[in-house]
Amino acid sequence: MFTVEKVSALEILDSRGRPTVKATCILRDGTVASASVPSGASTGTAEAIELRDGDPKRYQGLGCRKAVANINGEIDQALRGRTFRSQEELDLIIRDLDGTENKSRLGANAQLAVSLAFARACAHARQVPLYRHFADIMEQPLRTLPRPTINLFSGGKHAGELCPLQDLLIVPASATTMDQALADTFAVYQSAAKLIAKKYGMRALSADEGGLAPVFPNPEAMFADAVEAIQQAGLRPGEDVALAVDVASSHFHTKAGYQLGERLLDGPAMIGQLAQWAKRYPLVSLEDGLSEDDWDHWPKLRETLSGKVRVVGDDLLCTNPKRIRKAVELGAVDTLLLKVNQIGSLSEAKQACLLARSAGWQVTISARSGETEDNWLADLAVGWAGDQIKVGSITQSERLSKYNRLLEIEAETRLPMVAWPLSAGVPK
Ligand code: PGA
Ligand code: ZN
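Following the working numbering, the residues of the sequence shown are numbered contiguously, the last one being 484.
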């Protein structure tokens, strides 16, 4: 039982220099804890709504003063002095107070910041690490550390649309510890940086999530350079280090079809293209291969890749239990990309996670392109036994705060990393 004394908030900046929300929760016993929320760039249309001020004179309309005021005002008033037996009870009160389906009145950014700050305050009050508190919220024991999937190359909305594919990630496959996974990643990142300096004439820009972003002539060049970088690091593609891709294809899909560079593809042709990449490169995971509204073609994509490549839904699902139920019925994917701020509360994200699990899917716990130095995501990925964690590259402190937290958790718990291969147990 935890009694809230007060909640408050502050507008802070994310890793792209845009405003976001940090909330603080004080419990009656004097415990104080804060949490900050991230923000996406390639957002799904079904995501819960971040409340932005819309004042063009300040942060181009992106200010979060209204969301902050909602925490300092209405949300504080609703919670102050109340005792909660669970995270669900608190989240429900806030959700009812907001009263909208998509959290647009008080803002998903405001609501999630409070949800997380309360969780962290409860962990402190119980004197348990946050990952253990998250495991308790999920009513499960601590099991494994997630396998990281780490951004190597960026395109799409994260890198000025230079290449249609949004992220090419590496997946340390033979690593059995977080420590080893990050050392292998470093080796590949360094050889990739050298390789593209040679090929593209410069140490290329790093994108929103810290990935390298040279002007690849086409997606195949992106894949081929990643394979070469793995080899040049002295590692075996597919065996030591595999590849994952976030196609984020909603962002180049129109009524006319998928505009993949020069080529315009319909749904079946797009599936054919994805299957060809899966055959040609050591790909183990494919996120948003199709658009968020292309429900008709998703089951075929899953069927085509089943057993070889994880079929991951991000924009398609938006961590939204309703959309997940639909995807389960249709057999659209086999992996949920879970981003807590897409739905706006820990309890609803938990529901999303449980639905995915009961369908036999895997779960990838994911950061956003706009992150903060807060590291709660690492604790969440361990506490909720994420199969994968997706945080971005191994550069930039907002990413490293999560990797460093995973190293701390590994040292503290000695939990094993989730088993390889990713494809084990993919339901047919
Ligand atoms: P976003 O992208 O945080 O910019 O939405 C991350 C992803 O698509 O996985
Ligand atoms: Zn994505």
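C-beta atoms are modelled at their ideal positions from N, C-alpha and C, and glycine is treated no differently.
Everything numeric in this text was worked out from a predicted model, so none of it was measured.
Compute every distance between the C-beta of residue i and the non-hydrogen atoms of the ligand ZN, then say whether any falls below 8 Å.
i, result
"residue 222", "yes"
"residue 561", "The displayed coordinates of the chain run from 57 to 484. Any statement about residue 561 would go beyond what the structure contains."
"residue 433", "no"
"residue 393", "yes"
"residue 304", "yes"
"residue 98", "yes"
Is the beta carbon of residue j closer than 9 Å to that of residue i?
i, j, result
"residue 198", "residue 438", "yes"
"residue 445", "residue 434", "yes"
"residue 210", "residue 264", "yes"
"residue 87", "residue 175", "no"
"residue 343", "residue 300", "yes"
"residue 170", "residue 148", "no"
"residue 372", "residue 348", "yes"
"residue 193", "residue 247", "no"
"residue 476", "residue 325", "no"
"residue 430", "residue 393", "no"
"residue 177", "residue 58", "yes"
"residue 71", "residue 452", "yes"
"residue 172", "residue 93", "yes"
"residue 123", "residue 163", "yes"
"residue 143", "residue 403", "yes"
"residue 241", "residue 293", "no"
"residue 279", "residue 330", "no"
Can you tell me the Cα-Cα spacing of residue i and residue j, whole angstroms?
i, j, result
"residue 252", "residue 245", "11 Å"
"residue 202", "residue 408", "18 Å"
"residue 315", "residue 303", "12 Å"
"residue 298", "residue 442", "18 Å"
"residue 363", "residue 390", "10 Å"
"residue 129", "residue 207", "39 Å"
"residue 368", "residue 447", "16 Å"
"residue 160", "residue 376", "15 Å"
"residue 190", "residue 254", "45 Å"
"residue 270", "residue 249", "10 Å"
"residue 384", "residue 346", "16 Å"
"residue 289", "residue 283", "10 Å"
"residue 483", "residue 356", "Residue placement at residue 483 is poorly supported in this model, since its pLDDT is 42, which falls under 50; the coordinates are not used for a value here."
"residue 354", "residue 319", "20 Å"
"residue 432", "residue 79", "13 Å"
Helix, strand or coil, according to DSSP, for residue i in the structure here?
i, result
"residue 62", "strand"
"residue 303", "coil"
"residue 78", "strand"
"residue 449", "coil"
"residue 95", "strand"
"residue 273", "coil"
"residue 473", "strand"
"residue 464", "helix"
"residue 281", "helix"
"residue 262", "strand"
"residue 482", "Interpretation of residue 482 is limited by its pLDDT of 45, a score under 50 that renders its predicted location unreliable; the figure taken from the coordinates is listed afterwards. Reduced to three states, the DSSP call for residue 482 is coil."
"residue 402", "helix"
"residue 245", "helix"
"residue 205", "strand"
"residue 171", "helix"
"residue 508", "Because the chain spans 57 through 484 in this model, residue 508 falls outside it and cannot be assessed."
Does the ligand PGA have even one heavy atom less than 8 Å from the beta-carbon of residue i?
i, result
"residue 121", "no"
"residue 265", "yes"
"residue 344", "yes"
"residue 317", "no"
"residue 424", "yes"
"residue 458", "no"
"residue 370", "yes"
"residue 293", "no"
"residue 94", "yes"
"residue 309", "no"
Nearer than 8 Å: is that true of the beta carbon of residue i relative to any heavy atom of the ligand HEM?
i, result
"residue 406", "In the structure shown, the ligand HEM is absent; the only ligands present are the ligand PGA and the ligand ZN."
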